[in-house]
Amino acid sequence: MPRRPRAQPRAHSRARRATLTALGVVALVVVAGAVDAAVVVGRMPQVAVRTPGSDGGTTWLVLGSDSRDRLSTSSKDLYADRAQSKGERADLVLLLRKDGRGRTTLYSVPRDLYVGTERNRPHRLGLALQDGPQAMVDSLCQDLGIGVDHVVVADMDALVSAVDAVGGVTIRIDRPLRDGRARLDLPTPGEQRLDGREALAWVRSRHPEQLVDGRWVPDPAADPSRSDHAEQVLGQVAAALDDPVTIQRVAWDAGPRVRRGDDLGPVGLARFGHALSDAVGARRAVTVPARYTSTAVPFAFPTDQTRATLEPLTSDSCRA
Numbered sequence: 001m002p003r004r005p006r007a008q009p010r011a012h013s014r015a016r017r018a019t020l021t022a023l024g025v026v027a028l029v030v031v032a033g034a035v036d037a038a039v040v041v042g043r044m045p046q047v048a049v050r051t052p053g054s055d056g057g058t059t060w061l062v063l064g065s066d067s068r069d070r071l072s073t074s075s076k077d078l079y080a081d082r083a084q085s086k087g088e089r090a091d092l093v094l095l096l097r098k099d100g101r102g103r104t105t106l107y108s109v110p111r112d113l114y115v116g117t118e119r120n121r122p123h124r125l126g127l128a129l130q131d132g133p134q135a136m137v138d139s140l141c142q143d144l145g146i147g148v149d150h151v152v153v154a155d156m157d158a159l160v161s162a163v164d165a166v167g168g169v170t171i172r173i174d175r176p177l178r179d180g181r182a183r184l185d186l187p188t189p190g191e192q193r194l195d196g197r198e199a200l201a202w203v204r205s206r207h208p209e210q211l212v213d214g215r216w217v218p219d220p221a222a223d224p225s226r227s228d229h230a231e232q233v234l235g236q237v238a239a240a241l242d243d244p245v246t247i248q249r250v251a252w253d254a255g256p257r258v259r260r261g262d263d264l265g266p267v268g269l270a271r272f273g274h275a276l277s278d279a280v281g282a283r284r285a286v287t288v289p290a291r292y293t294s295t296a297v298p299f300a301f302p303t304d305q306t307r308a309t310l311e312p313l314t315s316d317s318c319r320a
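Residue 46 in my numbering sits at position 46 of the sequence shown, and the numbers go up by one each step.
Take a look at the structure:
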């Protein structure tokens, strides 16, 4: 009997939503920093990486890191996970493609995609980051035929820093709300002003409970597959970038949480930021399909649909 498709693990899904929001912040930070490119470039750490290049356009590899090692001391305490081994994995693998006509599309690749050949041991794609960004670039090229031009890596703290830099964001709830897994605790209904950590919890929350007649019950409005929380937060951060002082504050505070390939200078970063903003703003995002297993350790196996979806990203420099 064929195995049932397996839903994504809840903890990883929450983290991916948080990281996706952080990547939206990446775009805001980079575009904002175009006003003072030296600030952004100087604050963003570099990673050495050799890229094979793409065909007929530009492809950026955008990774969301799940590493707690790079978090601030307070954030390490907040997001500590004893079950997670040390090191760095890609919690989110995105490929931003700008084709020869200037159209941008954001592809979300399953981090559990099972790839590998005899020359490159089989593995889940996200684990390649344990050996550094170069290993991830090589795996995409050797295992999927995808050549990238540039690399950007975002850490979880990027969202926290950006929200705090603009003075917080405002939301409204009808009832007291909580989600222990996401560290969300909003005991008072009505308008709420959230700081960076609270905004991150708001975005990460997938299984909130609301207080009804003295009892905590699941929030019926919650949808694990879709949420506008990230858009609320990003929209307010973007709207707050209305003066040079705020722009520089966001770039200064969030910049260190975003790493860039050593080939990305001020001009390249500006192009990346505008391309990402264009794709996110136009909602041109593609989730790459795969066949998920029901095993304890999640695997996503490539299918014909997987390969067809990724075909626009393949490069002659990476074909066997």
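Just so it is clear, CB atoms sit at the ideal spot from N, CA and C, and this is done for glycine as well.
Reducing DSSP to helix, strand and coil, say where residue i ends up.
| i | result |
| --- | --- |
| Gly-235 | helix |
| Thr-246 | helix |
| Asp-316 | helix |
| Thr-104 | strand |
| Leu-264 | coil |
| Arg-307 | helix |
| His-229 | helix |
| Arg-14 | Low local confidence applies: a pLDDT of 49 at Arg-14 is under 50, so the model's placement there is unreliable, with the coordinate-based value given in what follows. Of the three classes helix, strand and coil, the one that applies to Arg-14 here is helix, per DSSP. |
| Val-160 | helix |
| Leu-95 | strand |
| Gly-57 | strand |
| Gly-168 | coil |
| His-150 | strand |
| Pro-122 | strand |
| Asp-138 | helix |
| Val-49 | coil |
| Gln-84 | Only weak support is given to the placement of Gln-84: the predicted model assigns it a pLDDT of 49, under 50, and the value that follows is read from those uncertain coordinates. Residue state, collapsed to three classes: coil. |
| Arg-197 | helix |
Considering Cα atoms alone, identify which of the options is closest to residue i.
| i | options | result |
| --- | --- | --- |
| Val-47 | Arg-89, Val-40 and Val-151 | Val-151 |
| Trp-357 | Arg-172, Val-160 and Ala-296 | What is shown of the chain runs 1 to 320, which leaves residue 357 out entirely. |
| Ala-279 | Leu-106, Arg-101 and Arg-50 | Leu-106 |
| Arg-183 | Gln-248, Gly-53, Glu-198 and Leu-269 | Glu-198 |
| Gln-305 | Val-288, Leu-241, Tyr-292 and Asp-243 | Val-288 |
| Arg-271 | Gln-236, Gly-57, Glu-88 and Arg-249 | Gly-57 |
| Leu-313 | Cys-141, His-274, Pro-110 and Met-136 | Cys-141 |
| Ala-154 | Ser-139, Gly-255, Asp-243 and Asp-55 | Gly-255 |
| Val-100 | Gly-265, Ala-275 and Arg-283 | Rather than Val, the amino acid found at residue 100 in this sequence is Gly. Closest by alpha carbon: Ala-275. |
| Ala-290 | Arg-193, Val-109, Arg-121 and Arg-257 | Val-109 |
Checking 7 Å against the spacing of the C-beta atoms, do residue i and residue j come in under that value?
| i | j | result |
| --- | --- | --- |
| Thr-59 | Leu-92 | no |
| Val-166 | Val-233 | no |
| Arg-175 | Pro-189 | yes |
| Asp-112 | Ala-308 | no |
| Pro-208 | Asp-219 | yes |
| Val-49 | Val-137 | yes |
| Gly-116 | His-123 | yes |
| Asp-164 | Arg-257 | no |
| Leu-129 | Glu-191 | no |
| Thr-246 | Ala-238 | no |
Whole-angstrom Cβ separation of residue i and residue j, contact assumed at under 8 Å?
| i | j | result |
| --- | --- | --- |
| Arg-259 | Pro-45 | 5 Å |
| Gly-126 | Ala-90 | 4 Å |
| Leu-269 | Val-40 | 6 Å |
| Thr-51 | Arg-284 | Their Cβ separation, rounded to whole angstroms, is 23 Å, which puts Thr-51 and Arg-284 out of contact at 8 Å. |
Decide yes or no for the touch test of the segment 169-181 against the segment 202-212: beta carbon pairs closer than 8 Å, at least 3 of them. yes
Should the segment 139-148 be called in touch with the segment 301-318, which here means at least 3 C-beta pairs below 8 Å? yes
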